[in-house]
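Contents: one structure, followed by commentary.
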DNA sequence: GAAACGATTATCT
DNA sequence: GATAATCGTTTCA
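In the numbering used here, the protein residues as written are 47 to 262.
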């Protein structure tokens, strides 16, 4: 892609000046998540993920998401062929809670449960642009700033998210999601999902088009 | 109880 | 770009 010189606005200044605004904006209410996974996946772009683990605050802007839209989605952990299992139980819970699962036996991945209770749909958070607590995230990850939260397994490590937060309601600490502190116009792209085999071509991955913080 | 399969990442060439 | 690492979850015998 050409036009690399036009960097996205948010990435310009060191935005720590904004960090104080994050906790000041109340978390998104449960009603925000009571929509289809596609709608929530798109609406989540630009919002802020914030964790406060062990008294340490980390926060950043969500720049990439992926929707898993229901029992008829063959790529979902809650696809019809599985039904309810020990692992996917949170996906059947009410909208607005976290579904955290272990990937490849190694990494944790964070999802937000959407739609309605007893209907398994969720949005995987795939990448975050680090804004606050960069020193903390760097200590947890030991990588360059660019790689702190670029990928679902990486961002959970940077934010200190583990399976202990499975089922957590996302409107209270230690893990919350907040509306964007500004009303910037977002350039949203979408396309095939990543890292799966079944129904990978369904265009359910959403990202901020010019963001250098997306995973692929 | 055993085997196969990943909603990934790090580390090569 | 290609591949190994690594182990929890699910499935099948």
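Cβ coordinates follow ideal geometry from the N, Cα and C atoms, glycine included.
Beta-carbon gap between residue i and residue j smaller than 8 Å
i, j, result
"residue 173", "residue 196", "yes"
"residue 156", "residue 202", "yes"
"residue 216", "residue 198", "no"
"residue 87", "residue 211", "no"
Expected contact under 8 Å - CB spacing of residue i and residue j to nearest Å
i, j, result
"residue 167", "residue 114", "6 Å"
"residue 225", "residue 74", "6 Å"
"residue 161", "residue 81", "7 Å"
DSSP-derived helix/strand/coil call for residue i
i, result
"residue 260", "coil"
"residue 174", "strand"
"residue 86", "helix"
"residue 241", "coil"
"residue 182", "helix"
"residue 92", "coil"
"residue 128", "coil"
beta-carbon residue i near the ligand SAM non-hydrogen atom, thresh 7 Å
i, result
"residue 130", "You won't find the ligand SAM in this model; it holds no ligand whatsoever."
Sequence-distant residues of the same chain with beta carbon closer than 6 Å to residue i, five excluded per side
i, result
"residue 204", "183, 186, 187, 194, 195"
"residue 121", "242, 244, 245"
"residue 208", "154"
Close Cβ partners of residue i (< 7 Å) along its chain, the five nearest in sequence each way excluded
i, result
"residue 262", "240"
"residue 99", "206, 220"
"residue 119", "125, 245"
Does the pairing of the stretch 178-194 with the stretch 126-134 give three or more beta-carbon distances under 8 Å? Taking a cut-off of 8 Å for Cβ pairs, the stretch 178-194 and the stretch 126-134 do not touch, as fewer than three such pairs fall below it.
Would you be able to state if there are at least three C-beta pairs under 8 Å between the stretch 227-245 and the stretch 88-106? Yes, the stretch 88-106 is in contact with the stretch 227-245.
For the structure I just gave you, are there three or more beta carbon pairs, one from the stretch 206-222 and one from the stretch 241-256, closer than 8 Å? Between the stretch 206-222 and the stretch 241-256, the count of Cβ pairs shorter than 8 Å is below three; the stretches do not touch.
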